[in-house]
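This report refers to the structure that appears directly beneath it.
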Amino acid sequence: MQWLSELGRKIGNLLRGERFDRDLQDEMRLHLELRKEERMAHGLSPENARAAAQRTFGNATALRELSGDAWGWRGLERFAQDLKYGARALFRTPGFTALAVITLALGVGANTAVFSVVNAVLLRPLGYREPDRLVTLLHSGTDPVSTANYIDWREQSRSFEAMGAADFWSPNLTGADTPEHLRALKVTQSLLPMLGISPLLGRLFAPGEDEPGAQREVILSYRLWQRRFDRDPSVLGKQMILDGEAYRVVGVMPAEFQFAPFWATRAELWVPNAFSAADRSHRGGNHLRVFARLKQGVMLTPARAEVARITARLEKQYPATNREVLVTPLMENVAGKVETPLLMVLGAVGFVLLIACANVAHMLLARTSDREKEIAVRTALGAGRTRVVSQFLTENLLLAGLGAAVGMLFAIGGTKALVALSPAYLPRVETVGTDARVVMFLLIVTVFTTVVFGVAPAMHAAAGNLSGALKESGRSGSDGIRRNRLRGFLVASEFAMAFVLLIGAGLMIRSFAALQASDPGFNPHNVLSMVVSVAGSKEAEPGRRAIFYRQLLGQVAALPGVQSVGGINHLPLAGDMWGWNFRIEGRPKPQPGDSPMAVYRIAMPGYFETMRLPVQRGRAIGEKDDARAPGVVVISERAANAYWPDRDPIGQRIAFDADTRMPPTWLTVIGVVKNAKQYEWAARPFPEVYLAALQNRDFLEDRAAHFQYLTLVVRTSGAPADLAPAVKKTVWTFDRNLPVSEVLTMDRAVADATAQARFETLLLSMFAGVALVLATVGIYGVMNYAVVRRTREIGIRMSLGANRAEVLRMVMRQGMAQALTGSAAGLAGAFLMARLMTNMLYGVRPTDPVTFGAVAIVLSLAALAAICVPARKATRIAPAVALRNE
Amino acid sequence: MTERDEIPPGTLYMLILTTLDRDGELHGFEIANAIRHISEDVLRVEEGSLYPALQRMLLKGWVKADWGVTSGNRRARYYRLTALGRKQLTAERTQYERVTAAIARILQPAEGDKRCNG
């Protein structure tokens, strides 16, 4: 209870406010007066008596502070006082304050902006119930699997609470004002309940609704519900026409729901996937993505072991079907590809912040040196060492707080810019925002910066020599060795960090240049492309499709401004990519899993000409290669080298039939074209084949959704985007209900394919540039300050006979020594970092001598330029003036 | 003159409590003088340190303070023991019984103690 009454008294005292201090002062004054009178009675002069009284009393100020400490509120009062004083001190030197605040704000702002992105993409858990237990089962961890395998895994595994599969589907929405080509997923009934997110309206699919013959149902995303139904709450039970079939709306998902999170991320509706009997036994055609939820308490390792056992058994039973099936945490699939680059960018801004801190630290060091006298006076008046340090720390905290506040503004702008710049590959980027974690990060960074840039100067301030500082006339002698060493260390570490960042950026720039210079095989300039989908329309009829495609190409070719036109099923880079096994005539039947494989495309006449994909040998697919003509195929150079390394492939025959019981449909190789970029810009192209669309029965007659569209490619004489409306209008003269989507120039497709590299290069270069500027400003500041502090010393040297050249050399040597020491340390760090970057680089080695050389030169030049100014100033010191002034 | 020692920590409270116990109401200067007279030979007390100690004792509730007027007609704050302070003194006394000779001597009622004029 003791403490309670103490607290009561404390509060009472607080309420009395200033009286406490006044009482104490009165009391002490009385004491001193009485003692003085007593001494005077002993015969001392008034002055001596007063001095004697004060001597026996001790330091009144310090004692008053001690008394206040007893009441416990002093800490707060002192803090408030320090704040007030600090604000005044900062306000007195607006130039210094502005520079320091902006430097810190840059560092804090950039870090917070990058962290917001990292937070949304990598840290924030996925928006499903207990997302840690969600995994994917995919070939090599990323590739789709077949229906029969999925069913076997689901039935044989025990580690999972639930398993579901999804298949991409892009249906045409018709029967409304504007037809639309949508992105959708066909999911097994088990999939959505497994995610644990309840629908906003209606329900999820019920068991049995994914059986063949069940009624067709659809669940909408919030976005689609908003866009097509104007958020009509009575949407449930309404019909939607997808690919010509009526689907009943049974549910609407909440706005923040997204599935799938790493592939088909823009899916806007979900329908049950009804596997036919044929699907259930099909082990070819891998197109399902399998998701599962681990049972409560089951770890990843035993689950992996179990799946490995099951797939090994299946592999024995059905050779070449169950290879390398990996169980991967869902989050790893979402973040895996971007984790390294993002963390690297975060590391880069971290360095920028450290450099900013170092800059502010030596600005503060210089400031405390100039304030030595003030500190000495305050110490003499009774301020303890901790008191001085805490005053300085408070001032620094104020500075950091201002920096953080301005930095937050930078961060908001920066985050917006990052999101706008970020390429489509960045998952979950739409969820980037400021949440509690970002604010926490900002606070931690602020405290961290205060400590990093503030402690050293504050300690130095407190350690200053009291009587020395008071006696000397000002900035007289040279600084102590310790302080110089600290400054040297700060500059050197700035250069080390700048070196590492510049190497990182340099390697990225070199790599990006190599990417840009890489030949796509075709000429992407002045090419417009768009997907025309016939699913669900009368043009999809087996008899109609070929005629429609032919007429469409003919009419588009006749448009003014069109040079040539062609078509293909999947556009390189932007479109899908299929691989297919084939047989070569006259060769023994390959072992299962050993068949030759090629990327499979179906091209309309005019495709190669329009894309300017050169035919190296033989001829391109022409108008005459139709259903009545013998089957033909054009192959890529890589396919020619891979499968016919020692002979001319022209005239050879291959077949793609999956069903080996039927006689093969032979296709004769009629031409070899240059290798073209396929899906990933940086990847080496696989062997590739182009079948003639006009003689391909799948393409012209198959009912499957993935055969019912054509990608038009149009070479234009002017800006390709300008022609888009005219081409669309031409499509709609055939049928107003035909959806046109993915309108895109080929240049844009190329830019998108290199977007990740561009984004990373841009960010790293930006941060490296900031680092370079900060490090240069830093060394300039330090050297300039050193010269000012050493004016007298230099004056003495010159009056003793040192000439200007010697002074110049001395200053330059000192400055460059710091810069070079730092760069040498940075070199070691850069090698380490370059090794980590290996996977991000294309066409450049991590130890690229050009980059390392260029960075060394740039940094040295920057340091030289920065040191030059103060060094020249030093040579202009007039000895007489320097000595007299001090 | 014997060697002068720093006052052991905590002893100051004791000195103040004892002084107040014996003399009733005193102001700061009077307390300082009383302690000085008792301990001068042995202990060196920085007079000013009396005041932070008094503040702490006020906070703990061992003493009470009221403003009054000295015989020289000056405003002074007079301190007196509270019941809690008396209890504290007894407790500390028993505890300090075994302390060094110098302190033991101070604890004995001093002779020839003079009240200072205030």
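As you go down the protein sequences, you meet chains R and Z in turn.
Counting from 1, position 169 in the first sequence corresponds to residue 169 in the numbering used here; the numbering is continuous, with no gaps.
Each number in the numbering used here corresponds to the 1-based position in the second sequence with 886 added.
The C-beta atom is built at its ideal place from N, Cα and C for all residues, glycine as well.
The CB of serine 935 (chain Z) comes closer than 7 Å to the CB of Gly58 and Leu63 in chain R, given here in chain order. Spanning the alpha carbons of threonine 875 (chain R) and alanine 380 (chain R) requires a straight line of approximately 38 Å. In the three-state reduction of the DSSP assignment, arginine 587 (chain R) falls in the coil class, being assigned neither a helical nor a strand state.
Collapsing the DSSP output to three states places asparagine 784 (chain R) in a helix. Glutamine 81 (chain R) and threonine 446 (chain R) have their C-alpha atoms some 21 Å from each other.
Across the set R:Gly543, R:Arg872 and R:Gly521, the C-alpha of R:Gly521 shows the shortest separation from the C-alpha of methionine 746 (chain R).
Taking every protein chain shown into account, the CB of glycine 543 (chain R) has fewer than 16 other CB atoms within 10 angstroms, so this residue is exposed. By the C-beta criterion, the segment 667-675 of chain R is judged to be in contact with the segment 629-639 of chain R, since at least 3 inter-stretch pairs fall below 8 Å. The residue among R:Met194, R:Lys416, R:Phe115 and R:Phe489 with its C-alpha nearest the C-alpha of alanine 817 (chain R) is R:Phe489. Spatial neighbours of methionine 812 (chain R) in its own chain (CB-CB distance under 7 Å, excluding positions within 5 residues in sequence) are listed in chain order as Ile867 and Ala871. With contact defined as three or more Cβ pairs closer than 8 Å, the segment 544-556 of chain R and the segment 192-204 of chain R are not in contact. Counting along the chain, glycine 566 (chain R) sits inside the beta strand (DSSP E) bounded by residues 562-568. Taking 8 Å as the cut-off, the beta carbon of glycine 567 (chain R) is found no closer than this to the beta carbon of valine 689 (chain R).
Cβ-Cβ distances below 8 Å link glycine 504 (chain R) to Met344, Ala348, Leu764, Ala768, Ala830, Met833, Ala834 and Met837 in the same chain, with the five nearest sequence neighbours on each side left out; the list follows chain order. Exposure of phenylalanine 91 (chain R) is indicated by the presence of fewer than 16 other C-beta atoms within 10 angstroms of its C-beta. If you draw a straight line from the Cα of serine 390 (chain R) to the Cα of glycine 506 (chain R), it comes to about 43 Å. Contact annotation: the segment 490-497 of chain R touches the segment 819-826 of chain R, with at least three C-beta pairs closer than 8 Å. Here DSSP, grouped into helix, strand and coil, assigns threonine 265 (chain R) to coil. In terms of beta-carbon proximity, leucine 945 (chain Z) lines the interface with chain R, with at least one pair separated by less than 8 Å. Going by beta carbons, serine 823 (chain R) and alanine 496 (chain R) fall inside the 8 Å limit. Minimum Cα-Cα distance from proline 254 (chain R) among the listed residues R:Pro179, R:Ile219, R:Phe275 and R:Arg248 corresponds to R:Ile219.
Nearest to threonine 434 (chain R) by alpha-carbon distance, out of R:Leu426, R:Met408 and R:Asn696, is R:Met408.
Boundaries of the alpha helix (DSSP H) around valine 750 (chain R): 746-753. Segment contact: the segment 27-37 of chain R against the segment 910-924 of chain Z, three or more CB-CB distances shorter than 8 Å; contact assigned. Straight across, the Cα-Cα distance linking glutamate 324 (chain R) with valine 599 (chain R) is about 21 Å. Glutamine 708 (chain R) is a Cβ neighbour of valine 534 (chain R), given a cutoff of 8 Å.
For alanine 292 (chain R), DSSP records a beta bridge to R:Val135 and R:Met163. In the assembly as shown, serine 537 (chain R) is a buried residue. Its beta-carbon has 16 or more other beta-carbons within 10 Å.
Beta-bridge analysis with DSSP links lysine 729 (chain R) to no other residue. When the beta-carbon positions are compared, leucine 185 (chain R) and phenylalanine 168 (chain R) come within less than 8 Å of each other. For valine 218 (chain R), DSSP records a beta bridge to R:Val249. Residue-level contact check: leucine 399 (chain R) does not touch chain Z, since none of the beta carbons of chain Z fall below 8 Å from its beta carbon. For the pair of segments examined, the segment 354-368 of chain R was found to touch the segment 94-113 of chain R: the number of CB pairs separated by less than 8 Å reaches three. Annotated three-state conformation of tyrosine 964 (chain Z) is strand, per DSSP. Contact between threonine 394 (chain R) and phenylalanine 160 (chain R) is ruled out by a C-beta separation of about 57 Å, above the 8 Å threshold. One finds nothing in chain Z with a Cβ atom closer than 9 Å to the Cβ of aspartate 21 (chain R); even the nearest lies about 11 Å away.
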